[in-house]
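*Asks:* Protein chains in written order, with my numbering: chain A, 1 to 206; chain B, 207 to 399.
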Amino acid sequence: MTDAKQTPSSPDDEMLKHFRDHSSGEPPAHLDAFILATAHREAPAPKPNLWQRWLHACQQPRWQVAFASLVGVALMLALVQRTPEQLPNYDFAPAPKASAPAAKPEAAARSLDEPTGAMSAPAPAAPMAEFSAPMQRESINSEMADEAKLSKRAAAPAKSLDDQLREVMRLQDAGQTQAAEALMTTLHKRFPKENLAAKLKEMQKK
Amino acid sequence: MSDPAISSTASSDESLLARYRSGDGPAFEVLYARHRQGLYRFLLGLSGKPELAEEVYQETWLSLIRSTSQPQGRANFRTWLYQIARNRLIDHWRKHGVHNPLHDSYDEQAHALIDDAADPEQLLSLSRDGQRLETALQTLPADQREVFLLRAHGDLDLPQIATLTETPLETVKSRLRYAQQKLRRLLAEEVLT
């Protein structure tokens, strides 16, 4: 460090350079060796980079649990978020399709019994099919809820006219005339073109 | 790719220290090689005793190795290193009941002599004998000697010396001037005798 000095420009600088150049005194070699050895021995461990620190953290048990929990939550969220996207098939009212086979035999049977009236009677699937259009405009959650309702309806189809009339007969036999009349009123509204009284009498004869 | 040794040589003291603190052992070797001679000669000249100089020199470097602190504020590594060494030496004097000569108030004006050796040609006749240089240096008052040693071997500029010794800049300037005048006179006289 005393060698690379600028060219002296004054007597004072000459004096400094003279001292630097001709002073004696060097630290002993054993002192150099001791200090350097100590420096190497006590040098701080190299700091791991970000990736190494991440790996090290992952190896800690408490962090393993934390990371596993985090990954589990992330997976659950991903599944929950993805589920509605995987239901495009339900946007087109599957319930009527499912209920159609169940309703068709009844309709066929009714058409065989009363060819003229059966054509005018609404098929059980028809009202449900009408729901499919507004269903498409609703949100995914409401669609799913409606789908569930429709599925239930498909599983338990609406009672046929004959069944309803038998229920009227049963109510009349049981003396519940008001209930029977109320049901007849409802059936009149539902099947306005049917001659319910004649049909009821015919059934009572049987 | 650049050679690590070359890049270490070109690095500043502060960056070398930072690299050593981050685990780069060879950076310390470069740092040590830069300052070993100057620091030792500063301590030897200030204490006047090789054994004491070696002890404080070792303590200074070990303190630096084991410390995690860095040069603070405007201080650079060189100022910081010499500050540590100076404080260690003062601590040693205090611990062993030795009077600290650096605290002596010295009337520099009273000891100032007319400098008649300012001729550059006369400087060529200054003694080059290391022992004579050392003897002349020891004749200086301690505070003048300290400033001269920090300037000559520490390569510190005057404001840095003023900061390190907590002395006004003008006082540092006058101490250095008187020290150089006296040394010039002593060394010239040595040659003439």
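For every residue, glycine included, the Cβ atom is placed at its ideal position computed from N, Cα and C.
In this text the structure is predicted, and so the values were computed from the model without any measurement.
In chain B, which residues lie less than 8 Å from A/Arg-20 when you measure between Cβ atoms?
*Replies:* Correct list: Ala-358 and His-359.
*Asks:* Does the Cβ of B/Lys-388 have 16 or more other Cβ atoms within 10 Å, making it buried, or fewer, making it exposed?
*Replies:* Buried: at least 16 other Cβ atoms inside 10 Å.
*Asks:* Residues of chain A with a CB under 7 Å from the CB of B/Gly-229: which are they?
*Replies:* The answer, in chain order, is Ala-43, Pro-44, Ala-45, Pro-46 and Lys-47.
*Asks:* Select from B/Leu-392, B/Arg-391 and B/Ala-348 the residue whose C-alpha is nearest the C-alpha of B/Arg-381.
*Replies:* Ranking the options by Cα distance to B/Arg-381, first place goes to B/Ala-348.
*Asks:* Where does A/Ala-182 fall in DSSP's three states?
*Replies:* Three-state result, A/Ala-182: helix.
*Asks:* Quick one: complete beta strand (DSSP E) runs, 3+ long, within the region 213-247 of chain B?
*Replies:* Entirely contained in the region 213-247 of chain B, not one beta strand (DSSP E) run reaches 3 residues.
*Asks:* Given that B/Ile-271 touches chain A, what residues does it touch there, using C-beta distances under 7 Å?
*Replies:* What B/Ile-271 touches in chain A: Thr-38, Ala-39 and Glu-42.
*Asks:* Tell me which residues share the same chain as B/Gly-251 and place their Cβ nearer than 6 Å to its Cβ, disregarding the 5 neighbours each side in the sequence.
*Replies:* Around B/Gly-251: Leu-343 and Leu-355.
*Asks:* 7 Å is my cut-off, CB to CB: does B/Trp-286 come that close to chain A?
*Replies:* Judged by the 7 Å Cβ criterion, B/Trp-286 is not in contact with chain A.
*Asks:* Verify the CB distance criterion: does B/Gly-336 have a CB-CB separation below 7 Å to chain A?
*Replies:* Yes, because at least one Cβ of chain A sits closer than 7 Å to the Cβ of B/Gly-336.
*Asks:* Less than 7 Å separating the beta-carbons of B/Thr-285 and B/Leu-370?
*Replies:* Closer than 7 Å, so yes.
*Asks:* With a threshold of 7 Å between beta-carbons, can A/Leu-70 be considered close to chain B, or not?
*Replies:* A/Leu-70 does not count as touching chain B.
*Asks:* Measure the Cβ-Cβ separation of B/Ala-358 and A/Phe-19 and say whether it is below 7 Å.
*Replies:* Yes, the Cβ-Cβ distance between B/Ala-358 and A/Phe-19 is below 7 Å.
*Asks:* For chain B, is any of its Cβ atoms less than 7 Å away from the one on A/Met-76?
*Replies:* Not one chain B Cβ lies under 7 Å of A/Met-76.
*Asks:* Can you find a C-beta in chain A that's less than 7 Å from the C-beta of B/Tyr-189?
*Replies:* In the structure displayed, chain B extends from 207 to 399; residue 189 of chain B sits before or after that span and is not available.
*Asks:* Could you give the DSSP three-state label for B/Leu-346: helix, strand or coil?
*Replies:* Here B/Leu-346 sits in coil by DSSP.
*Asks:* Between the alpha carbons of B/Leu-295 and B/Arg-351, how many angstroms are there, rounded?
*Replies:* Taking the straight line joining both Cα atoms gives about 15 Å.
*Asks:* Would a check of beta-carbon distances place A/Asp-12 closer than 7 Å to chain B?
*Replies:* Closer than 7 Å: yes.
*Asks:* Quick one: what's got a C-beta closer than 8 Å to B/Gly-254's C-beta in the same chain, skipping five residues either side?
*Replies:* Cβ neighbours of B/Gly-254 beyond the five flanking positions: Gln-344.
*Asks:* Looking at the structure shown, is A/Ser-10 part of a helix, part of a strand, or coil, going by DSSP?
*Replies:* Coil, per DSSP.
*Asks:* Keeping to the same chain, check which residues put their C-beta closer than 8 Å to that of B/Arg-300; ignore five residues upstream and five downstream.
*Replies:* Here the set comprises Asn-306.
*Asks:* Between which two residues does the alpha helix (DSSP H) containing A/Ala-74 stretch?
*Replies:* Note, A/Ala-74: alpha helix (DSSP H), 61-82.
*Asks:* For a contact defined as C-beta to C-beta under 8 Å, what are the partners of A/Pro-61 on chain B?
*Replies:* The contacting residues do not exist; A/Pro-61 stays about 27 Å from chain B at best.
*Asks:* By Cβ distance below 6 Å, which residues in the same chain neighbour A/Leu-171 in space, the five residues on each side in sequence not counted?
*Replies:* For A/Leu-171, where only same-chain residues beyond five positions count, the Cβ hits under 6 Å are Ala-179 and Ala-180.
*Asks:* Cβ-heavy atom distance between B/His-359 and the ligand ADP below 6 Å?
*Replies:* Looking at this structure, you won't find the ligand ADP or any other ligand, since it has none at all.
*Asks:* Do A/Ala-45 and B/Gly-229 come within 7 Å of each other at the CB atom, strictly closer than that value?
*Replies:* It is a contact, given that the beta carbons lie within the stated cut-off.
*Asks:* Going by DSSP, what residue range makes up the alpha helix (DSSP H) through B/Ser-269?
*Replies:* That run of the alpha helix (DSSP H) goes 256-272.
*Asks:* Closer than 7 Å, CB to CB, is B/Phe-283 near chain A or not?
*Replies:* So no, B/Phe-283 is outside the interface.
*Asks:* Just confirm the distance between the C-beta atoms of B/Ile-271 and A/Glu-42, as a whole number of angstroms; I'd bet it's less than 8 Å.
*Replies:* Between A/Glu-42 and B/Ile-271 the Cβ distance is about 6 Å, and since that is below 8 Å, they are a contact.
*Asks:* Consider the Cβ of B/Gln-350: report whether some Cβ of chain A lies at a distance smaller than 7 Å.
*Replies:* With 7 Å as the cut-off, B/Gln-350 does not count as an interface residue toward chain A.
*Asks:* When you compare the CB of A/Leu-16 with every CB in chain B, is at least one pair closer than 7 Å?
*Replies:* Output row for A/Leu-16: interface = yes.
*Asks:* The region 237-261 of chain B: which residues have C-beta closer than 7 Å to a C-beta of chain A, in chain order?
*Replies:* Those residues of the region 237-261 of chain B that come within reach of chain A (Cβ to Cβ, closer than 7 Å) are Tyr-238, Arg-240, His-241, Arg-242, Gln-243, Gly-244, Tyr-246, Arg-247, Leu-250 and Glu-260.
*Asks:* Taking Cβ to Cβ, would you say B/Tyr-263 is nearer than 7 Å to A/Pro-28?
*Replies:* Going by C-beta atoms, B/Tyr-263 is not nearer than 7 Å to A/Pro-28.
*Asks:* 7 Å is my cut-off, CB to CB: does A/Leu-79 come that close to chain E?
*Replies:* The chain labelled as chain E is not found among the protein chains of the depicted structure, namely A and B.
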